[in-house]
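What follows is a short report on a single structure.
In the numbering used here, the protein residues as written are 712 to 1287.
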């Protein structure tokens, strides 16, 4: 791909769409930028009532070597689907969210704008913090440490399950309608919700409506709520007999879980608890058993019920693989984004690929993931859904289900820093797993090793992990480039990638290297209207060698297995 085709860019942010969430019948200005190099015509091709329709775009300004084009489009239907057509010399280029082709693309990767979509106001600039309650003791301990969370800068708390259950993880629920007394009971949740909201923080609760625990009274009193095996024993999730799977062919069960006014999912959304959304455990297998496939039907009903109760409720589905069908704006806001972020960064930084490593044969293959792989996998995920869904992606690396990256032998602090930088470089909401910001101890061979007690003794001014996370969270919260900006890959070769995040005149470029030696790379910073930075020190205080070369590229050297995040100056936008 030549420099011109690399320069063709648009997205659904306010950089390119003046109303990212329009109302039906609004008019929206949509933009496109590219190098100003022998372009004769530019069109936006939209789908109107099923038919293609071309709209010519007009030049409106320049930023450095970039030319900007714009056109006004009417939002006549709930979903606007479109891509761009650029004419240059004897070539027609087609540009979708998946990139540039010289052949007519299908519409699977089209840009999409949703009319009247309800995006929770707190999503912009949000930072999730996941708490495994048993590791903190109870909900009153969370209340006690709200000042710590606020100082850290997080804005939304995701709690692992808290309802009555015999285990410490609480995924074996025995009563959905009450908070476990071990965690302080219902009153503790009420007080936690009030305290968090008083401090401008949101609260997401975790639940499994796929299965209960074997101690739930339904097992004896409502056995028909469950799937049975051929021998009439209850079917357990993943073969675990103590986690019997619910059978939603039962209408009474649907009423109890989500349909009735006093159902489980509705109860906790209402005052006095007023939670802000739900995270659904094992959402990938929910309501699926061989010839009984109710998942599509159930997710529509569940999500509609939640938003009927609370229109701006945030819905997270636990899914570790491709889940595009749930990310079109009518169901989940996000998966736990292992597929489009966590799995990628873990593998790129030298850890086992979370799914591939489960296969004994595949796990033995010593493949080292390349930067080109990183970009391709990321595009495959993000190109299939609207910007408003991209903005809400829950970008996590560690969790209660996977070993903490820094607990692997030989996994350096510089690698951790590179991953944290990457959380700023990917579109979406960074998620911090409790204790990662302190360098919490643990081991990697069993899940008990990723659920250690919160080490409050490590909260010190000289903790390098804490300082790293505080700085990264501050950037996410306070810099538009990271909270609502565009994202463009500038470089991806061998084991180094560079990504620009930018909003209007604000440009940051992150470089991540997993090379074994120092590497000098050349960045085409003109593609984002950037000019040379004022100093060779990145935002975390690290010095580096870098300067403009004769080809107007920014040439810099990055140390092995490390990351840099550099603030660049920006050329002014000149109107035509």
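Ideal Cβ placement from N, Cα and C applies to all residues, glycine included.
| Item | Value |
| --- | --- |
| Burial state of residue 1167, where buried means 16 or more other Cβ atoms lie within 10 Å | exposed |
| Between the CA atoms of residue 1115 and residue 1122 - distance to the nearest angstrom | 10 Å |
| Span of the beta strand (DSSP E) around residue 1141 | 1140-1144 |
| Close-in-space but distant-in-sequence residues of the same chain around residue 812 (CB under 7 Å, 5 per side omitted) | 805 |
| Outcome for residue 990 when other beta-carbon atoms lying within 10 angstroms are tallied against a minimum of 16 | buried |
| Beta-carbon spacing of residue 1125, residue 1273 below 8 Å | yes |
| Residue 1119 vs residue 1062 beta-carbon contact at 8 Å | yes |
| Residue 1231 versus residue 835 - alpha carbon distance | 35 Å |
| Length at least 4, wholly inside the region 1038-1122: the alpha helix (DSSP H) runs in chain order | 1054-1059, 1071-1074, 1082-1093 and 1098-1101 |
| Best match in 1265, 1165 and 1205 for proximity to residue 845 [C-alpha to C-alpha] | 1165 |
| Extent of the continuous alpha helix (DSSP H) to which residue 1178 belongs | 1175-1189 |
| Residue 1131 versus residue 1179 - alpha carbon distance | 8 Å |
| Opening and closing residue of the alpha helix (DSSP H) in which residue 716 lies | 714-718 |
| Span of the beta strand (DSSP E) around residue 740 | 738-746 |
| Within the region 778-818, ranges of the alpha helix (DSSP H) (whole runs, at least 4 residues) | none |
| Cβ-Cβ distance between residue 1206 and residue 1082 below 8 Å | yes |
| Residue 959 burial status per 10 Å Cβ neighbour count (16 or more: buried) | buried |
| Residues bridged to residue 937 (per DSSP) | 957 |
| Beta-carbon proximity list for residue 983, same chain, < 7 Å, skipping 5 on both sides | 901 |
| Cβ pair residue 866, residue 917 closer than 8 Å | no |
| Proximity below 8 Å, CB of residue 1195 to CB of residue 1213 | no |
| Integer-rounded CB distance, given that residue 842 should sit under 8 Å from residue 870 | 5 Å |
| Residue from 722, 752, 747 and 749 whose Cα sits closest to the Cα of residue 740 | 722 |
| Assumed close pair residue 655, residue 924 - CB separation to whole angstroms, cut-off 8 Å | Here the chain has residues from 712 to 1287 only, and residue 655 is not among them. |
| At least three beta-carbon pairs within less than 8 Å, the region 1090-1109 to the region 1032-1043 | yes |
| Proximity of residue 839 and residue 1113 at Cβ, strictly below 8 Å | no |
| Cβ-based neighbour list, residue 1025, same chain, cut-off 7 Å, excluding 5 preceding and 5 following | 831, 915, 987, 988 and 1044 |
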